[in-house]
Amino acid sequence: MPFAALGLSIPLLRATSRYATPSPVQTDAIPRVLEGRDLLAIAPTGSGKTLAFVLPLLQRWSHTHRDQPRSLHTLILVPTRELAAQIAETLRRCAGHLPDRIKVVSAVGGSSINPQMMALRGGADFVIATPGRLLDLVERRALHLDRVETLVLDEADRLLDLGFANEWSRIVALLPAHRQNLLFSATFAPALRTLAESLLRDPARIEISPEPCETPLIQQRAIEVDTAKRTPLLVHLIKSEAWKQVLVFVGRKYTACHLADKLRRAGISAIDFHGELSQGARSQALDDFKHSRVRVLVATDLAARGIDIVKLPVVLNYELPRSTSDYLHRIGRSGRAGEPGLAVSFLTADARAHFRLIEKRHQLSIPRERIAGFEPTEAPPPPLTGGIKGHRKSKKDKLREAAARRPSPPQT
Ligand code: AMP
């Protein structure tokens with residue numbers, strides 16, 4: 020189906036000219052959003068969901084709001100600054116094709132509030148905000164939400180991970196009761212189900228599965244290696260397989276800094292990317308990586324959310340993600356929008372059981388590899404007994420064990 024069949028106006032069709040056909044989420048969402056319906060879209064990262072809401076919302080704005088400019092028609096809530104920047108860029112690019120001037124303001128935490136207050140003077144048509152900063156701006160009377168007609172929650176699962184449930188009750192009290200609500204999420208956990216039930220009215224539902232249509236574009240490899248050999252192996256792979264641009268995932272900020280440092284010392288340009296960097300440093304790091312001024316970006320999950328680099332060739336799990344659904348988010352960073360990609364996971368002895376769980380959850384079966392010169396010698400840890408999925412002992416198990424250790428009462 021071409022973009023022209025979705026009900027978009029001619030100027031907005033021009034904004035799609037760089038793409039051959041709409042992606043599945045765009046085909047399903049655009050007509051529903053144009054009708055003014057609420058929407059629940061479960062779609063993986065990289066599926067083209069930004070345009071799926073940006074295009075129809077711009078069209079609705081231009082039909083209904085030309086007479087009331089700058090009255091904050093659309094509020095888009097996002098978990099991270101990077102995602103806000105990506106959406107703002109798409110919105111401005113598409114709005115440039117419309118005859119009206121549309122004002123888009125990003126209001127995100129982690130950078131100074133004053134320029135954002137200045138930008139909001141005289142109002143705005145579209146605001147993209149992180150929840151905490153939005154509430155700060157409302158408190159300072161820089162922003163009023165009483166005329167919002169459409170609310171978008173993007174990457175709602177991540178918003179909830181970051182404590183959005185608490186902010187949500189305050190935000191919803193500031194919004195008009197009658198509005199269009201769009202909820203986009205890569206996963207649909209129970210907490211999100213509760214939010215969706217309270218937020219959406221008779222929503223159109225879209226579910227785009229990441230498999231099997233997305234993952235075959237990404238070649239997945241799992242390499243067994245000892246913990247201490249991971250960095251030398253990474254250096255070896257980057258050099259021997261001539262990887263030009265690699266996004267490496269780690270679990271913690273400390274590991275990101277440490278690994279980037281070691282790579283640099285091995286002569287590979289690398290930069291760390293995590294939530295504790297200033298906004299300026301994060302933008303700079305991303306810009307350097309995007310423009311191939313650095314070869315490796317070593318990132319934590321939270322910071323990496325919202326990174327949009329088309330055709331990212333290699334994603335590497337130096338450490339596995341704790342949540343099985345994050346595995347798909349991570350590897351979805353490679354092979355975006357129809358381009359082939361490579362996702363490599365390092366499997367240390369103590370991560371093997373967790374990787375089997377990831378495979379089971381996503382119905383994957385990835386052959387294990389060993390690289391000559393880096394063959395593992397570590398033995399897997401002994402299996403834990405009892406507890407949740409064999410990982411942790413439950414409270415009951417601990418009480419039982421303590422009881423067993425207590426000396427038995429004297430026999431009379
Ligand atoms: P998103 O899921 O919105 O983050 O988009 C992921 C990537 O897909 C972005 O780089 C977009 O430029 C690209 N994209 C969006 N729509 C299409 C489309 N219809 N065809 C090909 N690529 C697209």
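With the numbering used here, letter number 38 in the sequence shown gets 57, and the count goes up by one each step, no holes.
Even glycine gets a Cβ: it sits at the ideal position worked out from N, Cα and C.
Keep in mind it's a predicted model, so treat the numbers as computed, not measured.
Query: Can Pro-41 be considered in contact with ligand 1, in the sense that its beta carbon sits closer than 8 Å to one or more heavy atoms?; Result: yes
Query: Between Asp-176 and the rest of its own chain, which residues show a CB-CB distance below 7 Å, the 5 nearest in sequence each way excluded?; Result: Ser-204, Ala-205, Thr-206, Ala-208, Leu-211
Query: Using a 10 Å radius around the Cβ and a threshold of 16 neighbouring Cβ atoms, would you call Asp-306 buried or exposed?; Result: exposed
Query: Can you tell which of Val-333, Arg-380, Arg-79, Leu-361 has its C-alpha closest to the C-alpha of Ser-342?; Result: Arg-380
Query: Are at least three pairs of beta-carbons, each pair with one atom in the region 330 to 349 and one in the region 284 to 298, less than 8 Å apart?; Result: no
Query: Excluding the five sequence neighbours on either side, which residues of its own chain have a C-beta within less than 6 Å of the C-beta of Ile-237, listed in chain order?; Result: Ile-350, Ser-353, Gly-354, Gly-360, Ala-362
Query: Relative to the C-alpha of Arg-120, which residue among Asp-291, Trp-80, Arg-387 is closest?; Result: Trp-80
Query: Comparing the CB of Leu-219 with every heavy atom of ligand 1, is any distance shorter than 8 Å?; Result: no
Query: Does the count of Cβ pairs from the region 47 to 62 and the region 109 to 127 closer than 8 Å reach three?; Result: no
Query: Would you identify the three-state DSSP class for Asp-129, choosing helix, strand or coil?; Result: The displayed chain sequence assigns Gly, not Asp, to residue 129. Coil, per DSSP.
Query: Whole alpha helix (DSSP H) runs in the region 87 to 167 with 4 or more residues, listed along the chain?; Result: 100 to 114, 132 to 139, 150 to 158
Query: Helix, strand or coil, according to DSSP, for Ser-288 in the structure here?; Result: coil
Query: Return the chain-ordered list of same chain residues with a C-beta closer than 6 Å to the C-beta of Ile-385, the five sequence neighbours on each side being excluded.; Result: Gln-239, Ala-241
Query: With a threshold of 8 Å (Cβ to nearest heavy atom), would Ser-66 be considered close to ligand 1?; Result: yes
Query: Could you tell me whether the region 32 to 45 touches the region 164 to 175, using the rule of 3 or more Cβ pairs below 8 Å?; Result: no
Query: Any heavy atom of ligand 1 inside 8 Å of the beta-carbon of Tyr-346?; Result: no
Query: Please list the terminal residues of the continuous alpha helix (DSSP H) segment that includes Phe-374.; Result: 371 to 380
Query: Counting only the same chain and skipping the five closest in sequence on each side, list residues whose C-beta sits under 7 Å from that of Ile-287.; Result: Val-254, Ile-257, Arg-314, Val-315
Query: Where do the ends of the beta strand (DSSP E) carrying Gly-360 lie?; Result: 360 to 366
Query: Give every residue of the same chain whose Cβ lies closer than 6 Å to the Cβ of Gly-26, excluding the five residues on either side of it in the sequence, and list them in chain order.; Result: Pro-50, Leu-53
Query: Per DSSP, what kind of secondary structure is Ser-302 in: helix, strand or coil?; Result: helix
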